[in-house]
Every structure is written in C-alpha cells, then in structure tokens.
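Shown next, in structure tokens, is the structure this report addresses.
Residue numbers (the working numbering): 19 to 354.
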C-alpha cells in the first residue's frame, strides 16, 4: 500500500504538468494578441447620442471590471456626418488599437455624399445590438396619439428635429411624409442628445430619437412617446414613468403609421487586422455584454438584443447597405 501511494503520489504532479503543457498551445492561441497601448473607439457622431453613450458605457465597463490591460479612449468625430471617423479607420490599415462604433451613417453618409468609404473598408467585429426609433413630442403638446399628430402636420408644417441631413432621422421623416401626406420642416442637429434637448426647449415640434437619447426627459415628464418604428412593441416591461413602460408604447403601424426602421449598433476595426485581433475584441465585447451594467443599459434604452459576429454579421451589413440604398433612392438622397 505504501509503494502504491508513493507511485501515484509521484505520478500525479507529472500528470498535472503534462496536462498543463498540453493546454499551452490552446491558451497561447487564445491569448495570441493583446493590446500594447490604449484602445481608441471613434464615435462618428456628437456627444450625448446613442453611439456616444454606448461607447462610453463600454469604456466604463472595461475599466470597472478590469477586462483589458489597456484603457479605452473614446473620441467623438462627427465631422462630415461621420465621414471623418470612417476615413480615419479606412486609412489606418492594420492598426489593431483603433475601433469605431457604427450607426446607420455607416451606410447613409457614403451614399448621400459620395465620400469614398464603405463598411468594406473596415473589419466587422461585432453587432452589439439594434436600436429603435420612437416618435417623440413635448409632453405639453396637444398631441397624445399618432393620428392627432399627423392631422396637425397636415394642417400646418411642423418642425421635425433629427441628427444630420440625409441620415436615418431624415429618412424616417420622409417616409412619414410619403405614408401620410403630411409635410415637415426637417431641422438637423449634430447628435441625438442635442436633438432631445431641442425638443425639451420646444425649438422643434417632434423628433424620431432613439430611446436611450430621450429616456431621461420622458422619465422627468418633459417628453411624450407616441409610437415605436418596429414591427412589434418593445419588450421591456419595467416602468419608466409612474404609469408607462417601454412595452406600453404602441407600434407606429398599429397606430396607423406604416413606417418601420431599426439601426445598427456595431463595432468595426481597421482594415487588414489579424484574425487574432478580431477574436480578442469579440471575446472582450462578449465579457462586456455579460455584465450587469450592460444589461442595465440595454433595459434603459429598450434595445433589441440581437448580436452577430463573423460572416453572418458581414452578410447582415451587406443587406442593410442595399436596403438603405433603396430607401435613400426613394427619398432622393443619393449623391449624384
């Protein structure tokens, strides 16, 4: 018995070492690349908007939970409706420390301006979520339903505030006009946060802001949602106000306005980065999405939680590009 114990006692450490050595290639592959300097996330829009809030949420979560050895730096580059940010990524081939958070201007800016950049000039990394659009009015306005709002717009041209020109907000506005015969004066601003503030100040009559961009003003009783531009109601049932949750907002279609629109919130990298770099960021973002802070953001902003990576993500982006080409052609927004 003593000899058997001695035999197995001696063999156990050797066996453990053998297992550890066998696992080394797998671990080395999983950790083949890590950032060697700070990671920059470019935001192709102004401060306070949905993309800016999501980028800064990622930054804060990574820092709080020590998910990366290098810090994340967020830079807003709204110039040229986001073209400045996209061109910087395009011209940073092989740079593994540069990311961009995307929204629909990934498609609309090149199509509307002819600037020589597209999503194919970047590396798709991960779809983080899809974002909704809500038709908002001031809480003191007389319109409590979509039909009342549309009737007022038919009687006299209302001011619709939105982010940028020939971007998603104006595309939705044109779609409303085509579906109802109403007419709006579209007023562009630099970002969704500013758009919400302009509606709070009653400098415009309505907006089609994302939930996360207007939720605080709704909660405070300043803004009122009329409908959501999706095929089904939002799923978040937590109360935002004393009487309403996101799930209580009707869809625009059920309110008689047949217009739908969802927007990408995704992360792209520079062209030509190595697969190990892509995998590092996929893993990092997966850990971000698993945190309670991220779940709170998703609930607060009533996001659609769809996520994709790899070829399915690239195929989805390609389809969205064509859908936006069709929408913008119909609206007369394509560059000539």
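Here a beta-carbon is modelled for each residue, glycine too, at the ideal position from N, C-alpha and C. Bear in mind that the values here come from a model prediction, so they are computed numbers and not experimental data.
Tell me the residue span of the beta strand (DSSP E) that contains residue 147.
For the purposes of this step, residue 147 is taken as the residue at position 129 of the chain shown. 141–149 is the extent of the beta strand (DSSP E) around residue 147.
Three-state secondary structure (DSSP) at residue 168?
By 1-based counting over the chain shown, the position of residue 168 is 150. In the structure shown, residue 168 sits in a helix (DSSP, three-state: H, G or I).
Roughly how many angstroms separate the alpha carbons of residue 222 and residue 179, rounded to a whole number?
If you number the chain shown from 1, residue 222 lands on position 204. If you number the chain shown from 1, residue 179 lands on position 161. So the two alpha carbons sit approximately 6 Å from each other.
Could you pull out every residue in the same chain whose Cβ sits closer than 8 Å to the Cβ of residue 173, ignoring the five residues on either side in sequence?
Locating residue 173 in the chain shown gives position 155, where the first residue counts as 1. Nothing meets the Cβ criterion.
For residue 205, I'd like the list of residues in its chain whose CB is within less than 6 Å of its CB, leaving aside the five on either flank, ordered along the chain.
One-based indexing of the chain shown puts residue 205 at position 187. Close CB contacts of residue 205 within its chain, under the 6 Å cut and outside five residues either way in sequence, are with 177, 179 and 222 (chain order).
Taking the alpha carbon of residue 74 as the point to measure from, which residue in 85, 84, 60 and 317 has its own alpha carbon closest?
Indexing the chain shown from 1 puts residue 74 at position 56. Ranking 85, 84, 60 and 317 by Cα distance to residue 74 puts 60 first.
So does the region 245–259 actually touch the region 67–81, counting three or more Cβ pairs closer than 8 Å?
no
Between the beta-carbon of residue 153 and the beta-carbon of residue 252, is there less than 9 Å?
Translated into the one-based positions of the chain shown, residue 153 becomes position 135. Translated into the one-based positions of the chain shown, residue 252 becomes position 234. It is not a contact, given that the beta carbons lie outside the stated cut-off.
Using DSSP's beta-bridge definition, name the partner residues of residue 56.
On the chain shown, residue 56 is found 38 positions in, with the first residue counted as 1. Per the DSSP secondary-structure output, residue 56 pairs with nothing in a beta bridge.
Measuring alpha carbon to alpha carbon, tell me which residue in 142, 119, 69 and 243 is nearest residue 292.
What you label residue 292 is simply residue 274 of the chain shown in a count that begins at 1. Taking only the C-alpha atoms, the option nearest residue 292 is 142.
Going along the chain, which residues of its own chain have a beta-carbon closer than 8 Å to the beta-carbon of residue 254, five neighbours each way excluded?
Position 236 of the chain shown, counted from the start, is the residue given in the question as residue 254. Within the same chain, and ignoring the five residues on either side of residue 254 in sequence, the residues whose Cβ sits closer than 8 Å to its Cβ are 263, 264, 265, 317 and 320.
Cα-Cα, which of 342, 162 and 118 is closest to residue 92?
Here residue 92 corresponds to residue number 74 of the chain shown, with the count starting at 1. Residue 118 is the option with its Cα nearest to residue 92.
Is DSSP giving residue 93 helix, strand or coil here?
Translated into positions along the chain shown, residue 93 becomes position 75. The answer is strand: DSSP assigns residue 93 an E or B state.
Expressed to the nearest angstrom, what Euclidean distance is found between the alpha-carbon atoms of residue 323 and residue 220?
As a first step, residue 323 must be located in the chain shown, where it is residue number 305. As a first step, residue 220 must be located in the chain shown, where it is residue number 202. Whole-angstrom Cα-Cα distance: 32 Å.
Could you pull out every residue in the same chain whose Cβ sits closer than 6 Å to the Cβ of residue 26, ignoring the five residues on either side in sequence?
For the purposes of this step, residue 26 is taken as residue 8 along the chain shown, with counting starting at 1. Its pLDDT being 29, under 50, residue 26 is placed unreliably by the model, and the measurement read from it follows with that caveat. Within the same chain, no Cβ atom closer than 6 Å to the Cβ of residue 26 is found once the five residues on either side in sequence are excluded.
Flag residue 202 as yes if its beta-carbon sits less than 9 Å from any beta-carbon of chain D, otherwise no.
Of the protein chains in this structure there is only one, and it is not chain D.
Using only the alpha-carbon positions, how far apart do residue 114 and residue 288 sit?
Translated into positions along the chain shown, residue 114 becomes position 96. Translated into positions along the chain shown, residue 288 becomes position 270. Distance between the alpha carbons of residue 114 and residue 288: 7 Å.
Relative to the alpha-carbon of residue 63, which residue among 96, 198 and 55 has its alpha-carbon at the smallest distance?
Position 45 of the chain shown, counted from the first residue, corresponds to residue 63. Out of 96, 198 and 55, 96 has the C-alpha closest to the C-alpha of residue 63.
Selected residue, minimal CA-CA separation from residue 198, among 94, 184 and 165
Here residue 198 refers to the residue found at position 180 when the chain shown is read from its first residue. Answer by Cα proximity: 165.
In its own chain, which residues sit with a C-beta less than 8 Å from the C-beta of residue 343, not counting the 5 before and 5 after it?
If you number the chain shown from 1, residue 343 lands on position 325. Here the set comprises 125, 129 and 352.
Indicate whether residue 244 and residue 155 have their beta-carbon atoms separated by less than 9 Å.
As a first step, residue 244 is located in the chain shown; it is residue number 226 there, counting from the start. As a first step, residue 155 is located in the chain shown; it is residue number 137 there, counting from the start. For residue 244 and residue 155, yes; Cβs fall inside 9 Å.
In the structure shown, what three-state DSSP assignment does residue 285 receive?
Locating residue 285 in the chain shown gives position 267, counting from the first residue. If DSSP states are grouped into helix, strand and coil, residue 285 belongs with the strands.
Out of 171, 55 and 218, point me to the one whose CA is closest to residue 201's CA.
Indexing the chain shown from 1 puts residue 201 at position 183. Comparing Cα-Cα distances from residue 201 to each of 171, 55 and 218, the minimum goes to 171.
Short check: CB of residue 230 to CB of residue 100, under 9 Å?
By 1-based counting over the chain shown, the position of residue 230 is 212. By 1-based counting over the chain shown, the position of residue 100 is 82. Against a cut-off of 9 Å, the Cβ pair of residue 100 and residue 230 comes out as no contact.
For residue 189, the three-state DSSP class (helix, strand or coil):
Numbered from its first residue, the chain shown carries residue 189 at position 171. It is helical.
Where residue 50 and residue 65 are concerned, what is the direct C-alpha to C-alpha distance, given to the nearest angstrom?
Locating residue 50 in the chain shown gives position 32, where the first residue counts as 1. Locating residue 65 in the chain shown gives position 47, where the first residue counts as 1. Separation of residue 50 and residue 65 (C-alpha to C-alpha, rounded to the nearest whole angstrom) is 35 Å.
In terms of residues, what are the limits of the alpha helix (DSSP H) holding residue 317?
Translated into positions along the chain shown, residue 317 becomes position 299. Where residue 317 is concerned, the enclosing alpha helix (DSSP H) stretches over 310–318.
Candidates 144, 299, 203 and 294: closest to residue 283 by CA position
What you label residue 283 is simply residue 265 of the chain shown in a count that begins at 1. Ranking 144, 299, 203 and 294 by Cα distance to residue 283 puts 144 first.
Using a Cβ-Cβ cutoff of less than 7 Å, which residues in the same chain neighbour residue 195 once the five nearest sequence positions on both sides are dropped?
Locating residue 195 in the chain shown gives position 177, where the first residue counts as 1. Counting only Cβ-Cβ distances below 7 Å, and skipping sequence neighbours, we find 201 and 202.
Is it true that the CB of residue 249 sits closer than 9 Å to the CB of residue 210?
Stepping through the chain shown from its first residue, residue 210 is reached at position 192. Stepping through the chain shown from its first residue, residue 249 is reached at position 231. Cβ atoms of residue 210 and residue 249: not closer than 9 Å.
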